[in-house]
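Structure, as structure tokens:
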Amino acid sequence: MNREVEQVLQTTLQNWNSMALAEHEDSEAAANAFESSFYRFIDAVREWASGLEPQPETIEAFLDLPMVQEIIELLPTPLYLNFETEAELIVQKKFRIEDEKYD
Numbered sequence: 000m001n002r003e004v005e006q007v008l009q010t011t012l013q014n015w016n017s018m019a020l021a022e023h024e025d026s027e028a029a030a031n032a033f034e035s036s037f038y039r040f041i042d043a044v045r046e047w048a049s050g051l052e053p054q055p056e057t058i059e060a061f062l063d064l065p066m067v068q069e070i071i072e073l074l075p076t077p078l079y080l081n082f083e084t085e086a087e088l089i090v091q092k093k094f095r096i097e098d099e100k101y102d
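Going by numbering that gives the first Met the number 0, the sequence shown opens with residue 0, and the numbers climb by one from there.
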């Protein structure tokens, strides 16, 4: 797996677990940390994907890439759904506007 993607993925997964275990008073901070790390992870995947030759033309082709398969194996199901949505944007070379990110 690409080293940068792997590092931010590990941070994202740690923040996901922290958010799940957070006490009520810490839940907002944990959710914000997770959200921030998730989008850093997506940015790292986007950067990695931009260097692929040939570029995957469909979401299916992207999801079948060996590194993407490694990522998918590590993601909890709720995160996979968000990842798949972001992967579609990566394949389409579209960027999510800040206000459109998950709240």
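Cβ coordinates follow ideal geometry from the N, Cα and C atoms, glycine included. Everything numeric in this text was worked out from a predicted model, so none of it was measured.
Pick from Glu59, Leu64 and Asn1 that is closest to Phe40, judged by C-alpha positions: Here residue 40 is taken as the residue at index 41 of the sequence shown, counted from 1. For Phe40, the nearest C-alpha among the options comes from Asn1.
Exposure label - Phe94; buried when at least 16 CB within 10 Å: Position 95 of the sequence shown, counting from 1, holds the residue named residue 94. So Phe94 ends up on the exposed side.
Asn14 classed as buried or exposed, judged by whether at least 16 other C-beta atoms fall within 10 angstroms: As a position in the sequence shown, residue 14 is number 15, starting the count at 1. Buried.
Nearest residue (CA-CA) to Met66, options Leu51, Leu78 and Pro75: Numbered from its first residue, the sequence shown carries residue 66 at position 67. Closest option to Met66, Cα to Cα, is Leu51.
Burial state of Glu85, where buried means 16 or more other Cβ atoms lie within 10 Å: On the sequence shown, position 86 is the one that residue 85 refers to. Counting the other Cβ atoms within 10 Å of the Cβ of Glu85 gives 16 or more, which makes it buried.
Alpha-carbon spacing of Glu46 relative to Gln68, whole angstroms: In the sequence shown, counting from the first residue as 1, residue 46 sits at position 47. In the sequence shown, counting from the first residue as 1, residue 68 sits at position 69. Approximately 17 angstroms, taken between the alpha carbons.
Where the alpha helix (DSSP H) containing Leu74 begins and where it ends: Position 75 of the sequence shown, counting from 1, holds the residue named residue 74. Counting along the chain, no alpha helix (DSSP H) covers Leu74, and no H or E run does either.
Length-filtered (4 minimum) alpha helix (DSSP H) runs lying within the region 46–96: Qualifying alpha helix (DSSP H) stretches, in chain order: 58–62, 65–73 and 76–90.
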